[in-house]
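Working notes for the structure below.
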Amino acid sequence: FFASLITCIDGLNMDQWIRDKDLVERKADFRKFVVNYSDEYGKLLTPLFTIERFTEREFFALLILGFCDIDLSLDLPDAIFETLESIRKRVFAELQDYYKNEEIVADVSSRMGMLMTVAHSTSVSL
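Below you can see the structure in the form of structure tokens.
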């Protein structure tokens, strides 16, 4: 919900959507929270918008990584977590091979780090 909220409000002008008659206590604290949250959310998503020459293979890898990035506190059998972790490791290994063999990027570590950030932040925001 909150990710949806910050996409449609002006965090610096909250008076247009939080009025005095709405009886919001500690409006200044809430305003600060929304601004901080949206700043952090923006920092998480920035790598998604700065990836150059985003390839189809990377897109599919991100889909798989996002799917496999599951909340460990869920009451699921350990075998599921182990399988998902195995899939994630395989995807990362295949991406490294892809970058090295296809010479897509000069700095493989930076590209992998950026993709890991994007995969995690998008799965968290969903």
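Residue numbers (this note's numbering): 106 to 231.
For every residue, glycine included, the Cβ atom is placed at its ideal position computed from N, Cα and C.
Using the rule of at least 16 other Cβ atoms within 10 Å of the residue's Cβ for burial, across every protein chain shown, is Ala166 buried or exposed? buried
How should Ala224 be labelled, buried or exposed, when 16 other C-beta atoms within 10 angstroms of its C-beta is the threshold for buried? buried
Thinking C-beta only, is Cys173 closer than 7 angstroms to Ile185? no
Give the range of the alpha helix (DSSP H) segment to which Thr188 is assigned. Asp183 to Glu207
Are the Cβ atoms of Ile175 and Leu189 separated by less than 7 angstroms? yes
Inter-residue Cα distance where the pair is Thr232 and Arg195: A question about residue 232 goes unanswered here, because the residues of the chain that appear run from 106 up to 231.
Can you give the beta carbon distance from Met217 to Gln201, rounded, assuming they're within the 8 angstroms contact cut? 7 angstroms
When we look at the beta-carbon of Glu208 and count the other beta-carbons within 10 Å, is it buried (16 or more) or exposed? exposed
Among Phe135, Arg162, Arg158 and Asn118, the one whose alpha carbon lies nearest that of Ala211: Arg158
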